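All letters in the sequence shown, in the order written, are residues 0 to 363 by numbering that gives the first Met the number 0.
Just so you know, even glycine gets a beta-carbon here, dropped at the ideal spot from N, CA and C.
Everything numeric in this text was worked out from a predicted model, so none of it was measured.
Take a look at the structure below.
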Amino acid sequence: MKLGLIEWLKGPDGRVILLECAEDIEYHARKKSLNLAHIFREEFVSDANELRRIVASELTTYLLEHQDAVTRDISEDVSKGDISAVTAKIVTKFLSHVIDKRRTYPVSPFHAFQRHLRKVISQATEVRYIPTDNGSYYAYTDAVNIDYLPYTYWGLAFDGWSSPSVPLAEVEEQAGMLCLSRFYWDEATCRYETEYLLPLLELTRFVFAKYPLIAQRKDVGAGGVDGMTETEKFDLLKPVHLAGDPLGPLQRQSDRLDYDIIEYELSKLADQCCAGLDERQTEILWRASDGQTLDEIARRLGEKGPSNIQYHLKKAQSHIRKFWLLWGNAQLPGFAEEDEEEQFIFVEKIVQHCKEHYGGREGI
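Below you can see the structure in the form of structure tokens.
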């Protein structure tokens, strides 16, 4: 079986299929914002043909290293001459391999600190810790009816915020982290004039803004998200609105995703999605993301009660979900993690669009 696969790869039929697979792999990689040249450590790729040859070479290596499993999966389709089935199986397996390869990149100081911070806060009895599919949140309150921090408060600059008194040497210790989390909670509550469930992502941004020397540490550990919960995977999301540079003052924190490409593509997708919303839906989405309750929105829009507002809000949310599902690549396994992260950025872009469309009218 092994010799059969090797001979098939060397033959004309195998070579044609390899190049077809390479083309399909490039297509799906672009769609998922996977930087293949970077992942394969090929920093200088002159054109598409060269990249395709690189992908075909990497694919050949992968197939030979996994001969037994590949042979079992494709031998029947090869004997039947079902080339499309062979191609689909090879592409799916190789893309999963590429994602696993990317997961082994070093973890940046930002992400390493955030992981440590999550562990400390989740185990602290005095802190209310809430893991969700959209990341981890915390609070220093037992209040039942407390909202999540509105997206409009995410990614703000911390220049005017007070600085903590925790020494730099204690920032990564348990006691220091808890002091920082309490300090940020008190500052945020004072500035926002209400209590919110605060995201650990924003707490980490605050700490790095006040202690920039942390970012100068070398990358730590071998990365990897295998075995992590969806909350932990989401928390690895690169902050995309750090002040001064859309990639943040830490420059590229991790090679897991090419964020400039993602932001550009998802921004265009969000604009297309918003084009399918009517004026009322756009305004309600903005007001809801701004932290306004359905009752408050109803009063502002002259509605008798919140039921009609809820109807329009659900309709808008349904449109966004359907648009995302149409764009996504659900038929290929292994993309759940990327979809979670990209979906969050996509929703952020929609909120930003709604804010620009309506927020400016009220001086926000």
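Original post:
Sorted by chain position, which residues of the same chain lie with C-beta nearer than 8 Å to S121's C-beta, five sequence neighbours on each side aside?
Top reply: Locating residue 121 in the sequence shown gives position 122, where the first residue counts as 1. Apart from the 5 residues on each side of it in sequence, S121 sits with its Cβ closer than 8 Å to the Cβ of Y128, P130 and S135 in its chain, given in chain order.
**OP:** Decide if L212 is buried, meaning its Cβ has at least 16 other Cβ atoms within 10 Å, or exposed.
**Re:** Residue mapping note: residue 212 aligns to position 213 of the sequence shown, counting from 1. Within 10 angstroms of the beta-carbon of L212 lie fewer than 16 other beta-carbons, which makes it exposed.
**OP:** Give me the Cβ distance between V350 and Y150, rounded to the nearest whole Å; I'm assuming they're in contact under 8 Å.
**Re:** The residue given as residue 350 occupies position 351 in the sequence shown. The residue given as residue 150 occupies position 151 in the sequence shown. Contact flag correct, Cβ pair sits at about 5 Å.
**OP:** Rank E171, D72, I89 and T140 by C-alpha distance to the C-alpha of Y61 and give the top, closest one.
**Re:** Indexing the sequence shown from 1 puts residue 61 at position 62. Selected option, being the one with the closest Cα: I89.
**OP:** Give the straight-line distance between the Cα atoms of I98 and K348, rounded to the nearest whole angstrom.
**Re:** For the purposes of this step, residue 98 is taken as residue 99 along the sequence shown, with counting starting at 1. For the purposes of this step, residue 348 is taken as residue 349 along the sequence shown, with counting starting at 1. C-alpha separation (whole angstroms): 25 Å.
Subject >> Reference L155; option with closest CA among K267, G301, H65 and T203 >> reply: As a first step, residue 155 must be located in the sequence shown, where it is residue number 156. The residue from K267, G301, H65 and T203 with its alpha-carbon nearest to that of L155 is T203.
Original post:
For the candidate residues C353, E75 and Q173, whose alpha-carbon lies nearest to that of V126?
Top reply: Locating residue 126 in the sequence shown gives position 127, counting from the first residue. For V126, the closest alpha carbon among the candidates C353, E75 and Q173 is that of Q173.
Subject >> Beta-carbon gap between A21 and R51 smaller than 8 Å >> reply: As a first step, residue 21 must be located in the sequence shown, where it is residue number 22. As a first step, residue 51 must be located in the sequence shown, where it is residue number 52. Yes. Within cutoff.
Subject >> Identity of the residues DSSP links to R117 by a beta bridge >> reply: By one-based count along the sequence shown, residue 117 stands at place 118. Residue pairing by DSSP leaves R117 without any beta bridge partner.
Original post:
Could you give the C-beta distance for Y210 and L167, rounded to a whole number, given that I count them as a contact under 8 Å?
Top reply: On the sequence shown, position 211 is the one that residue 210 refers to. On the sequence shown, position 168 is the one that residue 167 refers to. Right, their Cβ atoms sit about 6 Å apart.
Original post:
alpha helix (DSSP H) containing P11: first to last residue?
Top reply: Numbered from 1 along the sequence shown, position 12 holds the residue referred to as residue 11. P11 to K30 is the span of the alpha helix (DSSP H), which, as asked, contains P11.
Original post:
Does W323 get closer than 8 Å to chain B when you measure Cβ to Cβ?
Top reply: Checking the listed chains, one finds no chain B in this structure; it contains a single protein chain.
**OP:** State the beta-bridge partners of P198 as determined by DSSP.
**Re:** Within the sequence shown, residue 198 is the residue found at index 199, counting from 1. DSSP lists Y136 as partners of P198.
Original post:
Out of L200, D67, F182 and Y152, which has the shortest C-alpha to C-alpha gap to W285?
Top reply: Taking the sequence shown and counting its residues from 1, one reaches residue 285 at position 286. It is Y152.
Original post:
Between the beta-carbon of L179 and the beta-carbon of V206, is there less than 8 Å?
Top reply: Your numbering for residue 179 matches position 180 in the sequence shown. Your numbering for residue 206 matches position 207 in the sequence shown. Using a Cβ distance threshold of 8 Å, L179 and V206 count as a contacting pair.
Original post:
Does DSSP put P163 in a helix, in a strand, or in coil?
Top reply: The residue labelled residue 163 in the question sits at position 164 within the sequence shown. Correct three-state label for P163: coil.
**OP:** Look at the alpha carbon of S95 and the alpha carbon of K354, and state the distance between them as a whole number of angstroms.
**Re:** The residue you call residue 95 lines up with position 96 of the sequence shown. The residue you call residue 354 lines up with position 355 of the sequence shown. The straight-line gap from Cα to Cα measures roughly 37 Å.
**OP:** With DSSP collapsed to three states, give me the class of C353.
**Re:** Within the sequence shown, numbered from 1, the residue matching residue 353 stands at position 354. Assignment of C353 by DSSP, reduced to helix, strand and coil, places it in the helix class.
Subject >> V54 to H65 span [Cα, whole Å] >> reply: Within the sequence shown, numbered from 1, the residue matching residue 54 stands at position 55. Within the sequence shown, numbered from 1, the residue matching residue 65 stands at position 66. Whole-angstrom Cα-Cα distance: 16 Å.
Original post:
Given E19, which residues of its chain have a CB within under 7 Å of its CB, disregarding the five upstream and five downstream residues?
Top reply: For the purposes of this step, residue 19 is taken as residue 20 along the sequence shown, with counting starting at 1. Excluding sequence neighbours, E19 sits near T86.
Original post:
Is it the case that the Cβ atoms of E194 and T140 are separated by a distance below 8 Å?
Top reply: Stepping through the sequence shown from its first residue, residue 194 is reached at position 195. Stepping through the sequence shown from its first residue, residue 140 is reached at position 141. Yes, the Cβ-Cβ distance between E194 and T140 is below 8 Å.
Subject >> Inter-residue CB distance, Q113 and L199 (contact presumed, cutoff 8 Å) >> reply: By 1-based counting over the sequence shown, the position of residue 113 is 114. By 1-based counting over the sequence shown, the position of residue 199 is 200. That pair is a contact at about 6 Å.
Subject >> Residue nearest to F93 in terms of C-alpha spacing, selected from I82, T59, S83 and A84 >> reply: Locating residue 93 in the sequence shown gives position 94, where the first residue counts as 1. That would be T59, whose Cα lies nearest to the Cα of F93.
**OP:** Sort W323, L197 and G13 by Cα distance to W184 and report the nearest one.
**Re:** For the purposes of this step, residue 184 is identified with residue 185 of the sequence shown, where counting begins at 1. For the residues W323, L197 and G13, the minimum Cα distance to W184 belongs to L197.
Subject >> Reference A315; option with closest CA among T281, G290, I344 and R299 >> reply: Sequence index remark: in the sequence shown, residue 315 carries index 316 (1-based). Distance from the Cα of A315 is smallest, within the candidate group T281, G290, I344 and R299, for T281.
**OP:** Could you have a look at Y210 and say whether DSSP puts it in helix, strand or coil?
**Re:** Walking along the sequence shown from the start, residue 210 turns up at place 211. Collapsing the DSSP output to three states places Y210 in coil.
Subject >> Where P130 sits in the DSSP three-state scheme >> reply: Mapped onto the sequence shown, residue 130 falls at position 131. Correct three-state label for P130: strand.
**OP:** Using alpha carbons as the reference points, say which of L148, R117 and V15 lies closest to S83.
**Re:** The sequence position of residue 83 within the sequence shown is 84, counting from 1. The candidate whose alpha carbon is nearest that of S83 is V15.
Original post:
Between the C-alpha atoms of E201 and E75, what's the straight-line distance to the nearest angstrom?
Top reply: Sequence index remark: in the sequence shown, residue 201 carries index 202 (1-based). Sequence index remark: in the sequence shown, residue 75 carries index 76 (1-based). Distance between the alpha carbons of E201 and E75: 52 Å.
Original post:
For P108, which option in F322, V170, S78 and S161 has the closest C-alpha, if you only look at C-alpha atoms?
Top reply: To locate residue 108, count along the sequence shown from 1; it is residue 109. It is V170 whose Cα lies nearest to the Cα of P108.
Original post:
If A214 and F157 are in contact, beta carbons under 8 Å, what's the gap, nearest whole angstrom?
Top reply: Within the sequence shown, the letter at position 215 stands for residue 214. Within the sequence shown, the letter at position 158 stands for residue 157. In this structure A214 does not touch F157 by the C-beta definition: roughly 14 Å separates them, more than the 8 Å allowed.
Original post:
In or out: D289 buried (at least 16 other Cβ within 10 Å) or exposed?
Top reply: Start at 1 with the first residue of the sequence shown, and residue 289 comes out as number 290. So D289 counts as buried.
Subject >> Contact set for E302: own chain, Cβ-Cβ below 7 Å, skip 5 residues either direction >> reply: Taking the first residue of the sequence shown as 1, we reach residue 302 at position 303. So the list reads I308, once near-sequence residues are dropped.
Original post:
In whole angstroms, what is the alpha-carbon distance linking D72 and L35?
Top reply: The count along the sequence shown starts at 1 and reaches residue 72 at position 73. The count along the sequence shown starts at 1 and reaches residue 35 at position 36. Separation of D72 and L35 (C-alpha to C-alpha, rounded to the nearest whole angstrom) is 25 Å.
Subject >> G13 to G80 span [Cα, whole Å] >> reply: In the sequence shown, counting from the first residue as 1, residue 13 sits at position 14. In the sequence shown, counting from the first residue as 1, residue 80 sits at position 81. Taking the straight line joining both Cα atoms gives about 12 Å.
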